[in-house]
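Residue numbers (my numbering): 348 to 603.
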């Protein structure tokens with residue numbers, strides 16, 4: 348059941364499984380292909396060309412990704428991520444700060460939440476592309492903007508990866524390990540759909556449409572009236588024992 352009222356979220360956010368939300372953000376994005384054409388040229392963008400073509404084809408496409416005709420790029424299998432969207436608040440994402448980030452921060456603050464980082468991340472991919480299998484140190488409000496993706500996780504993440512193992516980064520790989528399909532939580536997301544992804548839970552995302560775009564609002568150190576989420580307590584305990592490592596790797600998976 349989707350979270351639709353202000354009181355639902357504080358009751359559900361502290362422990363898995365993931366759950367849908369309905370947050371009525373009043374923001375209209377440019378067409379996904381236009382955003383792709385702009386953002387692929389930015390120096391901070393990160394992308395991986397995928398597919399069954401031979402190694403040389405992938406290398407050639409990687410070299411040409413920023414300059415080839417956008418109509419050609421859109422036919423390639425790739426995944427793309429940009430972690431620093433504030434660079435585009437005055438042009439590509441005009442109004443995003445005022446229409447999305449400020450209202451959401453205000454909504455959380457009014458209900459007793461605090462955080463140490465809250466920033467948007469943009470994901471673009473084409474049909475057949477998949478993210479890595481990984482976990483994040485941050486909670487994510489995943490907002491599907493264009494196309495269709497399926498967000499895969501587990502109904503009971505502890506059966507597949509403990510929080511302590513997640514803190515040590517024992518998750519990351521190109522593909523998920525073998526598991527019972529009945530343990531999986533797979534949520535197909537279409538434009539406008541939203542999902543809460545819990546910190547330190549293993550997951551992977553597959554693209555089901557020709558082009559798909561989503562924005563994740565990433566929450567680092569999220570806390571409600573002095574209480575962290577259940578799995579993030581493991582991260583806090585690890586950092587207490589290893590203060591030199593706290594925040595050195597930021598809050599995102601570096602192998603998307």
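Glycine included, C-beta positions come from ideal geometry on N, C-alpha and C.
Residue nearest to residue i in terms of C-alpha spacing, selected from the options
{"i": "residue 572", "options": "495, 474, 550, 455", "result": "455"}
{"i": "residue 589", "options": "545, 514, 446, 577", "result": "514"}
{"i": "residue 415", "options": "530, 534, 387, 392", "result": "387"}
{"i": "residue 337", "options": "545, 496, 541", "result": "It is not possible to answer for residue 337, since the shown part of the chain is limited to 348 through 603."}
{"i": "residue 560", "options": "512, 490, 354, 521", "result": "490"}
{"i": "residue 457", "options": "567, 446, 382, 354", "result": "354"}
{"i": "residue 381", "options": "434, 493, 399, 564", "result": "493"}
{"i": "residue 585", "options": "510, 383, 518, 396", "result": "510"}
{"i": "residue 465", "options": "591, 360, 361, 567", "result": "567"}
{"i": "residue 538", "options": "413, 376, 474, 480", "result": "376"}
{"i": "residue 367", "options": "528, 488, 522", "result": "488"}
{"i": "residue 480", "options": "448, 441, 521, 440", "result": "521"}
{"i": "residue 356", "options": "587, 542, 591", "result": "542"}
Rounded C-alpha distance that separates residue i from residue j
{"i": "residue 425", "j": "residue 482", "result": "20 Å"}
{"i": "residue 452", "j": "residue 526", "result": "37 Å"}
{"i": "residue 370", "j": "residue 393", "result": "28 Å"}
{"i": "residue 552", "j": "residue 478", "result": "5 Å"}
{"i": "residue 498", "j": "residue 536", "result": "7 Å"}
{"i": "residue 593", "j": "residue 574", "result": "19 Å"}
{"i": "residue 565", "j": "residue 519", "result": "19 Å"}
{"i": "residue 544", "j": "residue 438", "result": "29 Å"}
{"i": "residue 385", "j": "residue 404", "result": "23 Å"}
{"i": "residue 395", "j": "residue 569", "result": "30 Å"}
{"i": "residue 401", "j": "residue 524", "result": "25 Å"}
{"i": "residue 475", "j": "residue 412", "result": "18 Å"}
{"i": "residue 408", "j": "residue 512", "result": "36 Å"}
{"i": "residue 591", "j": "residue 410", "result": "37 Å"}
Supposed close pair residue i, residue j - CB separation, criterion 8 Å
{"i": "residue 391", "j": "residue 431", "result": "5 Å"}
{"i": "residue 554", "j": "residue 500", "result": "Rounded, the Cβ-Cβ distance is 16 Å, inconsistent with contact."}
{"i": "residue 450", "j": "residue 563", "result": "Their Cβ separation, rounded to whole angstroms, is 17 Å, which puts residue 450 and residue 563 out of contact at 8 Å."}
{"i": "residue 508", "j": "residue 549", "result": "5 Å"}
{"i": "residue 333", "j": "residue 434", "result": "Only positions 348 to 603 of the chain appear in this structure, which leaves residue 333 out of reach."}
Cβ neighbour criterion (16 or more within 10 Å) applied to residue i
{"i": "residue 540", "result": "buried"}
{"i": "residue 533", "result": "exposed"}
{"i": "residue 463", "result": "exposed"}
{"i": "residue 378", "result": "exposed"}
{"i": "residue 358", "result": "exposed"}
{"i": "residue 420", "result": "buried"}
{"i": "residue 448", "result": "buried"}
7 Å Cβ shell around residue i - same chain, five flanking residues per side excluded
{"i": "residue 546", "result": "483, 484, 485, 486, 576, 578, 579"}
{"i": "residue 373", "result": "446"}
{"i": "residue 444", "result": "436"}
{"i": "residue 684", "result": "Outside the modelled stretch of the chain, which goes from 348 to 603, sits residue 684, for which no answer is possible."}
{"i": "residue 587", "result": "none"}
{"i": "residue 440", "result": "432"}
Residue i Cβ short of 6 Å to the ligand FMN heavy atom set
{"i": "residue 517", "result": "In terms of ligand content, the structure shown is empty, and the ligand FMN therefore cannot be addressed."}
Same chain, Cβ closer than 6 Å to residue i, five either side skipped, listed in chain order
{"i": "residue 460", "result": "571"}
{"i": "residue 398", "result": "424"}
{"i": "residue 361", "result": "576, 577"}
Beta-carbon proximity list for residue i, same chain, < 8 Å, skipping 5 on both sides
{"i": "residue 517", "result": "508"}
{"i": "residue 502", "result": "363, 364, 530, 531, 532"}
{"i": "residue 383", "result": "417, 420, 421, 427, 471, 558, 560"}
{"i": "residue 601", "result": "Because residue 601 carries a pLDDT of 45, less than 50, the predicted location of this residue cannot be relied on, and the following value inherits that uncertainty. Hits under 8 Å: none found."}
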